Amino acid sequence: MKTTNNISCLQSASAYSLQRWYTFKDFVMKIRTLVLVLLIGCIGCSNNAKENDNNSEVNKIWTIEDNSALSNIEINDTLKIFVEATDCGEYGGHREKICIYRKTNNFESKLDARIIIDSVNCEDIVVSEYNTSMVNDDSRAIFVDTCVVLSEDDEATIANFVAKILELKLKSGGAYSNAGVYYEITLGKSIQIDFWNSSQTGDSYYWKMRNKVFGKIIKSCTNKR
114 MKTTNNISCL QSASAYSLQR WYTFKDFVMK IRTLVLVLLI GCIGCSNNAK ENDNNSEVNK
174 IWTIEDNSAL SNIEINDTLK IFVEATDCGE YGGHREKICI YRKTNNFESK LDARIIIDSV
234 NCEDIVVSEY NTSMVNDDSR AIFVDTCVVL SEDDEATIAN FVAKILELKL KSGGAYSNAG
294 VYYEITLGKS IQIDFWNSSQ TGDSYYWKMR NKVFGKIIKS CTNKR
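Counting with our numbering, you get residues 114 to 338 for the letters of the sequence shown.
Set out below in structure tokens:
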């Protein structure tokens, strides 16, 4: 009987020890799991911090590029803006031409802009080969021909003007006219917009853009005439 009790006690003790062992084992596993979770969390935080830093750098790069509205103009490209006004009514008027270009392959370098403005004699009218009356080109005289370095604000102003011309062109439905101020915008073979802007079409913002970017130079040249 005593032997049986001893065996029973041993079995109970073994069962208790085994239970404690599994309890301890579970505890260790839980600790390991917790440590693993914490490690993964720390690694994740570190990766997120690095990712945020990388995103910050990317945003900084894009911000720099976005600040330059005409940043994609390369050294071999020239954005040309041609305007013929209506000083002489239906016969046309003086002409203005703006050429925007980059001197180097460095996209961070400033863009240069050359503006040329002529004057005309509205009394000197000739008949063209197409049997239309127009200002005699021989009477044209250039009084502004100079260059400026564009600021980022200047670039944005010019880009907004180009966008406005495209908007007016689309709103007009591509209708052709020979009245009003004539605009022609080209950038190599990739962009070509020509548009006659009558008084009913809307403000092209050209004169505002021109006066903002080149106003001081034009005024100086005009005073010297």
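The beta carbon of each residue, even a glycine, is placed where N, CA and C say it ideally should be. As the structure is a computational prediction, the values presented were derived from the model and not from experiment.
Report back the beta-carbon spacing between T191 and Y214 to the nearest angstrom; my notes put them in contact at under 8 Å.
5 Å
On a CA-only basis, which of L283, Y296, A254 and V261 is nearest S232? Give me that one, please.
A254
Per DSSP, which one or two residues make a beta bridge with I230?
E209 and V257
Out of S264, Y295, G293 and I188, state which residue places its alpha-carbon closest to the alpha-carbon of N219.
I188
Does the beta carbon of G301 come closer than 9 Å to any beta carbon on chain D?
No chain D appears in this structure, which consists of one protein chain only.
Count the C-beta pairs between the region 237–255 and the region 294–305 that are closer than 8 Å, then say yes if the count reaches three, no if not.
no
Secondary structure at S241, three-state DSSP: helix, strand or coil?
coil
Secondary structure at D63, three-state DSSP: helix, strand or coil?
No information on residue 63 is available, as it lies outside the stretch 114 to 338 that the chain covers here.
From what residue to what residue does the alpha helix (DSSP H) around N273 run?
Segment E265 to K284, the alpha helix (DSSP H) holding N273.
Closest by CA to I229, which one among S264, W309 and C260?
C260
Let's test the definition: count the other Cβ atoms within 10 Å of the Cβ of N324 and tell me whether it reaches 16, buried, or not, exposed.
exposed
Give me the Cα-Cα distance between I194 and K321, rounded to the nearest whole angstrom.
Roughly 14 Å separates the two Cα atoms.
Please identify the residue among E221, F274 and E209 whose C-alpha is closest to the C-alpha of S184.
E221
Tell me whether A276 is buried or exposed, calling it buried when 16 or more other Cβ atoms sit within 10 Å of its Cβ.
exposed
Would you kindly report the start and end of the unbroken beta strand (DSSP E) that includes I304?
I304 to N310
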